[in-house]
Amino acid sequence: MESLIIDCDPGVDDMVAILLAHHVANVKGIVTVSGNVPVDTTTKNALLATELLQSDTPVYQGSAQPLESEPVHSAHVHGSDGLGGVPRIEHRRRPKAKDGVDFLLEEPTPDDWIVALGPLTNVASAIRRDPSWVNRIRGISLMGGSTTVGNITPTAEFNVYADPEAAACVFESGASIQMCGLNLTHQLLITDETIKELQGIDSDLAQFVTPMLNFLLYRMEALVGRRYAAMHDPCAVLAVTHPALFNFEKQSVHVELCGTLTRGMTVCDQRTTRRREQPNVQVALEIDAETARSLVIGSLKSP
Ligand code: RIB
Ligand code: CA
Numbered sequence: 015m016e017s018l019i020i021d022c023d024p025g026v027d028d029m030v031a032i033l034l035a036h037h038v039a040n041v042k043g044i045v046t047v048s049g050n051v052p053v054d055t056t057t058k059n060a061l062l063a064t065e066l067l068q069s070d071t072p073v074y075q076g077s078a079q080p081l082e083s084e085p086v087h088s089a090h091v092h093g094s095d096g097l098g099g100v101p102r103i104e105h106r107r108r109p110k111a112k113d114g115v116d117f118l119l120e121e122p123t124p125d126d127w128i129v130a131l132g133p134l135t136n137v138a139s140a141i142r143r144d145p146s147w148v149n150r151i152r153g154i155s156l157m158g159g160s161t162t163v164g165n166i167t168p169t170a171e172f173n174v175y176a177d178p179e180a181a182a183c184v185f186e187s188g189a190s191i192q193m194c195g196l197n198l199t200h201q202l203l204i205t206d207e208t209i210k211e212l213q214g215i216d217s218d219l220a221q222f223v224t225p226m227l228n229f230l231l232y233r234m235e236a237l238v239g240r241r242y243a244a245m246h247d248p249c250a251v252l253a254v255t256h257p258a259l260f261n262f263e264k265q266s267v268h269v270e271l272c273g274t275l276t277r278g279m280t281v282c283d284q285r286t287t288r289r290r291e292q293p294n295v296q297v298a299l300e301i302d303a304e305t306a307r308s309l310v311i312g313s314l315k316s317p
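The sequence shown begins at 15 in this note's numbering and counts up one residue at a time.
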């Protein structure tokens, strides 16, 4: 089994990714970051995930705000609690005392993947403190960016837009990176059919996740008039544990920091009429969505 450290901003799809990761990989730790909601809430949600799993995976709180810009959240998608207001189970779990970035710097071995599911503030902070860190990890599998359109702006995807300086630092770091951008994650959709399938699963995990995904479909309907939603973050987990489900292409990817309309855009060199710039990222272009969806649903059948 692959060994992962998850850096995340739970967030509905982060929660699904955390549950999936515990089913298909060895999760050494969870580090939280400000993103979908503030970091105290993402930390509460990560702790809740470990309670749901009855897991002893440690949770470490990370960065409360981006490297240089003001915090950006997406409560309009995930709800103010980050999980669609679903009923919570009581527990007494607390994050470890160690800072999340310290854990990222100290814990990994060369076998460990960093699976980054939120803004890249923690990962960039680790790189800024010790650039050689990228040579002490297996690689970074991140959900972020896009080879096509954005979501929070016409050109920028939320995780990159929320901390573009951090994303630029990571993409320029020399780390071994695989990128699951919106071009990829929008191939893995949940619909009302998915909800019906989950309602037929008699497990605590499915019973927790179903109303959370229903909320996401409701928000998508309110925001863009359609009841389907991309399962973004699970893609970055499966890109590590089930790479055969993906088609990757090495591309040059850099982050726009100054554009009035394009700040936070991942500029991916896909030219076919010129020699492309030196590639630095394995960009996921296709996923076997049916198999991926089955793996996600299967991970909710029992802890
Ligand atoms: O743009 C999608 C990403 O932003 C996902 O990681 C989602 O959880 C939000 O963080
Ligand atoms: Ca996320």
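Using N, Cα and C, we set each Cβ at its ideal position, and we do this for glycine too. Treat the numbers as computed from the prediction; the structure is a model and nothing was measured.
For V53, the enclosing alpha helix (DSSP H) stretches over residues 53-67. Contact between V295 and M193 holds, since their C-beta atoms are separated by about 5 Å, short of 8 Å. For N136, the CB contacts under 7 Å within the same chain, skipping 5 residues up- and downstream, are D21, V45, V47, G76, S77, G114, V115, L118 in chain order. Nearest neighbour of S88 by Cα position, chosen from P101, S266, M157, N173, turns out to be N173. Within the same chain, and ignoring the five residues on either side of K110 in sequence, the residues whose Cβ sits closer than 8 Å to its Cβ are P72, V73, Y74, F117.
Pairwise C-beta distances place the segment 210-220 out of contact with the segment 164-179, as fewer than three of them are shorter than 8 Å.
Between L202 and W127, the C-beta gap is not smaller than 8 Å, which leaves the two residues out of contact. When the five nearest sequence neighbours on each side are left out, the beta carbons in the same chain lying within less than 6 Å of the beta carbon of I166 are those of F172, Y175, in order along the chain. Counting other Cβ atoms within 10 Å of its Cβ, V26 reaches 16 or more and is therefore classed as buried. At least 8 Å separates the beta-carbon of P133 from that of R152. In the structure shown, A176 adopts helical secondary structure according to DSSP, grouped into three states.
For ligand 2, no non-hydrogen atom lies closer than 7 Å to the CB of L198. Restricting attention to S69, A39, G93, the CA atom closest to the CA of L237 is found in G93. Counted as a single uninterrupted DSSP element, the stretch harbouring A39 is not any alpha helix (DSSP H), since DSSP gives it neither H nor E. T161 sits close to Q284, with the two beta carbons spaced by under 8 Å. Distance from the CA atom of L275 to the CA atom of G159, rounded to whole angstroms, is 15 Å. A distance criterion of 7 Å places the beta-carbon of C22 in contact range of ligand 2, judged by its closest non-hydrogen atom. Inter-segment contact for the segment 229-244 and the segment 261-271 is absent: fewer than three beta-carbon pairs are separated by less than 8 Å. If only complete runs of 4 or more residues are kept, the segment 110-135 shows the alpha helix (DSSP H) at 114-120, in order along the chain.
Counting only residues of its own chain and dropping the five nearest sequence neighbours on each side, I311 has a CB closer than 8 Å to the CB of T208, E211, L212, I215.
Counting along the chain, G153 sits inside the beta strand (DSSP E) bounded by residues 153-157. Within the same chain, V115, L118, L119, W147 come within 6 Å of A140 by CB-CB distance, once the 5 residues on both sides are set aside. Residues L212, L314 of the same chain have their beta carbon placed closer than 6 Å to that of A220, with the five preceding and five following residues left out of the count.
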